[in-house]
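One structure is given here, and the rest of the page talks about it.
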Amino acid sequence: MINPQLDSDGNLKHLLTIEGLPTRILNQILDTAETFVGVAERDIKKVPLLRGKTVCNIFFENSTRTRTTFEIAAKRLSADVINLNVGTSSQSKGETILDTVDNLIAMHADMFVVRHNQSGAPHFIAQHVPDHISVINAGDGRHAHPTQGLLDVFTIRRYKPDMHNLRIALVGDVLHSRVARSEIHALTTLGVPEVRVIAPKTLLPTDVEKLGVQVFHDMKAGLKDVDVVMMLRLQNERMNGAMLPSAQEYFKTFGLTQEKLQLAKPDAIVMHPGPMNRGVEIDSCVADGNQSVILPQVTYGIAVRMAVMAILGGGSGQTGSGA
Amino acid sequence: MKIHIRNGRLIDPKNKIDAQCDVYIAAGKIVGIQHAPKDFVANQTIDASGLIVSPGFVDLSARLREPGSEYSATLVSELNAAAAGGVTSLACTPDTQPVLDEPGLVEMLKYRAKQLNLAHVYPLGALTRQLEGKLLTEMCKLTEAGCVGFSQADHAIIDTQVLWRACEYASTFGFTLFLRAEDDYLAKNGVAHDGEIASRLGLKGIPSAAEGLAIASILRIAHETNTKIHLCRLSTAEGVNLVREAKKQGVQVTADVSAQHLHLTDLDIGYFNAHAHLKPPLRSIRDKDALCQGLKDGTIDAICSDHTPVNDDAKLLPFAESEAGATGLELLLPLALKWANNQKLDIAEAIAKITDQSAQILGINSGHLSIGSDADITIFNPDQTWKVMPDQLKSQGKNTPFLGLEMTGKVQYTLLHGQITYQDESN
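Same order as they appear, the protein sequences are chains U and V.
Quick note: to get the numbering used here, add 48 to the position in the first sequence (first position is 1).
Quick note: to get the numbering used here, add 387 to the position in the second sequence (first position is 1).
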């Protein structure tokens, strides 16, 4: 099967999932992101790489944070940005995804940033767009959220540069989490030797160990001597029901407290993709504590999304390098 | 009209014939095998040199989409597909709009099919009204109207009390229930086999246990109520084992498998290929192997096409939103042959699974070529290769996971009641 994300020369054509991307592409994105970190600190926070290009944010599912960071990233690259909240317009009138996409193609968009509540929707769109359009997955169902996975490994790399010598734990609702899947693929692709998942059995996908992770059901055992703790968001609707009895019990068993964090290495960092449920998956004193890198994650998110767009727009000057 | 089919290799599993044999047809019936009846003068001769002459195929599950979903397919298009696939008799499912739960609808369908004269259509009536799993249908009246059994299509009966009563009632009159075993709760919102692939793709899984649990309760109730059960479209190794054990213990049960499930697994979903979105879902390699083995050892009695034409728009959606199903009537033969070939079995074994075996399950006098029986005959070339392309398929549904792949085995002629209903264009 041909990898739909790469062109015939092996360069990135769409960013749909981290699974199956070669290490060189991940490194290309991360290295390019490094060059953009400084842009935000300048007086003029813009580079002209995507000048004259139109980036279209198509959000079939509501999002504020991700859409905003994509928008800022595109604008810092000097692109024109259109935001389309399809969840509230065409789809509710019965228009199909392809009709929506065809209309945007007719408006000469160059890049689509797509979020959809169905796994695989960005793949589907990527199969149907003409050759010159790139698709970036901004989160699809439970499947993937590749830019989040990339910004997380970017953050880790900044604090813990030796990826080959890390022990990392993901804690929480892996089952429903596209973020977790993308993080796992990013970490294993970049050679992190030990990736753990810690969750009750109701929140783990079937055969999750085949994704290359070690499974723990106990926070104390799972957090022991880890370098990085990556917390996952627990959706409100999962807190009371057949998956979990209550938010309180979840916090008691799988919430990250200062006490549990002490089991990790003393210099361990704490991450969260946001938005956080304080007092459910994470204690406020940990979220705001000195081991937390949750806000830097957001900042780096913009640089990483700029890097992805620049590479897909062909303006990074690094395309294909480091192969 | 008198037809002489000459020089073909006749394979009739029911009568245990596999030999070079001519067939003579008059007035829609078979009047001679090997030897012509006295004074037989053919109006037409079909040269079947190098071809196999078989009973017309009998398919246990085809959706014809009429009434109600003519946008997806029509009786005309799908019965032409049946003829092109060599299928002369087929059972159709009751999940039409309206549901086949009233005698008048069944009579209408039978009448329309008879007018077209492309294949014998044997409706499976709805077991419960509107397929809602609550109230029984008028099974005796529906049988009089032409139903050969009762089914819930893809709608499970959740209430075991209702299932028990339905079995008791059907058993009173000796009706067969055609049930697809899937626990409704475990399968809820699921679109793929619950395993590594679904986990990677972020698709909601349906565990194998959903089939096992349902089979266990169906067979238990069937045993208590002495009901004839046909389990439709097994998909798991667990299911095959349960049926094997039940048969050993003398439970009245038969089973089929779809032609797709003999060859594909969840790996074939690839990058969210909606054509691989089927019900039941494509499962693991281990399951596929168990299905092939179960078919070989007789645990599974027959292969069905599970023909489900879906219009392009309903497939042009993200995987989970796409409509499940594959067009299958025209692929039944090559996929059955491929199974036999993979298992190193004789062609006759494949033919048996789509003729005599399925006819017995439906309780119809078909699927064999005996003197005096209807001349429903399929003549095919077992070695001819062809590529599955949308414009090649007569079915209005072009949806199949085999699109673009090469098939071996092609129907040359189909005869219904001694009339040619399909002839390959290269002839």
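Glycine residues also receive a C-beta, built at the ideal position from the N, C-alpha and C atoms.
Note down the Cα distance separating U:A174 from U:V183, rounded to an integer number of angstroms.
6 angstroms
V:A557 to V:P777 span [Cα, whole Å]
41 angstroms
Which residues in chain U sit within 8 angstroms of V:E708, going by Cβ to Cβ distance?
Q166
Using a Cβ-Cβ cut-off of less than 7 angstroms, give me the residues of the stretch 648–666 of chain V that come near chain U, in sequence order.
G657, Y658, F659
Can you tell me whether V:K493 is buried or exposed, with buried defined as 16 or more other CB within 10 angstroms of its CB?
According to the sequence provided, residue 493 of chain V is Val. The question's Lys does not apply to it. By the neighbour-count rule (16 or more Cβ atoms within 10 Å), V:V493 is buried.
From the beta carbon of U:V352, is the nearest beta carbon of chain V less than 8 angstroms away?
no
Taking the alpha carbon of V:I593 as the point to measure from, which residue in V:L438, V:Y458, V:E569 has its own alpha carbon closest?
V:E569
Between the stretch 696–723 of chain V and chain U, which residues of the former have CB atoms less than 8 angstroms from a CB of the latter, in chain order?
D700, L703, L704, P705, F706, A707, E708
Determine, for U:M357, whether the minimum Cβ-Cβ distance to residues of chain V falls below 8 angstroms.
no
Chain V contact residues for U:N258, given Cβ-Cβ distances below 7 angstroms
For the sequence presented, residue 258 of chain U should be read as Lys rather than Asn. Residues of chain V passing the Cβ test: E583.
Kindly give me the distance between the Cβ atoms of V:R393 and V:I439, rounded to whole angstroms, as I take these residues to be in contact under 8 angstroms.
The Cβ separation is near 14 angstroms, so there is no contact.
What residue range does the alpha helix (DSSP H) around U:I120 cover?
113–124
Looking only at its chain, what residues have a beta carbon closer than 7 angstroms to the beta carbon of V:S709, apart from the 5 residues adjacent to it on each side?
A661, H664, A701, K702
When you compare the CB of U:D147 with every CB in chain V, is at least one pair closer than 8 angstroms?
no
If you check the beta carbons only, do V:V644 and V:I616 fall under 8 angstroms apart?
no
Which term fits V:V428, buried or exposed, when burial requires 16 or more other beta carbons within 10 angstroms of its beta carbon?
exposed
Mind listing the chain V neighbours of U:D255? Cutoff is C-beta to C-beta under 8 angstroms, in chain order.
G582, E583, S586
Secondary structure, beta strand (DSSP E): runs of 3+ residues fully inside the stretch 433–484 of chain V:
439–442, 444–449, 474–479
List, in order along the chain, the chain U residues whose C-beta lies closer than 9 angstroms to that of V:G592?
P253, T254
Residues of chain V with CB under 9 angstroms from U:H191, in chain order?
R587, L588, G589, L590, F659
If you draw a straight line from the C-alpha of V:G360 to the C-alpha of V:L505, how long is it?
Beyond the ends of chain V as shown, which are 388 and 814, falls residue 360 of chain V; an answer cannot be given.
May I ask you to report which of helix, strand or coil DSSP gives V:Q431?
strand
If you run the structure through DSSP and keep just helix, strand and coil, what is V:R393?
strand
Flag this pair as yes or no: are the beta carbons of U:T250 and V:S586 separated by less than 8 angstroms?
no
My understanding is that U:F202 touches U:L282, with C-beta atoms under 8 angstroms, so please give their C-beta distance in whole angstroms.
Rounded, the Cβ-Cβ distance is 24 angstroms, inconsistent with contact.
Give me the Cα-Cα distance between V:I766 and V:G472, rounded to the nearest whole angstrom.
10 angstroms
For U:A169 and U:T195, I'd like the C-alpha separation in whole angstroms.
16 angstroms
Answer with yes or no whether the minimum CB distance from V:I687 to chain U is below 8 angstroms.
no
Do you know offhand how far V:G533's Cα is from U:L146's?
43 angstroms
When you compare only the Cα positions, how much space is there between U:G362 and U:A228?
29 angstroms
With burial defined as no fewer than 16 other Cβ atoms inside 10 Å of the residue's Cβ, what is the status of U:D273: buried or exposed?
exposed
What residues are listed by DSSP as bridge partners for U:F107?
U:R163
U:I50, buried or exposed, once every other Cβ within 10 Å from all chains shown has been counted against 16:
exposed
Looking only at DSSP bridge pairs, what is V:M526 linked to?
None, per the DSSP bridge assignment.
Given 8 angstroms as the limit, is there contact between the stretch 726–741 of chain V and the stretch 505–522 of chain V, that is, 3 or more CB pairs closer than that?
no
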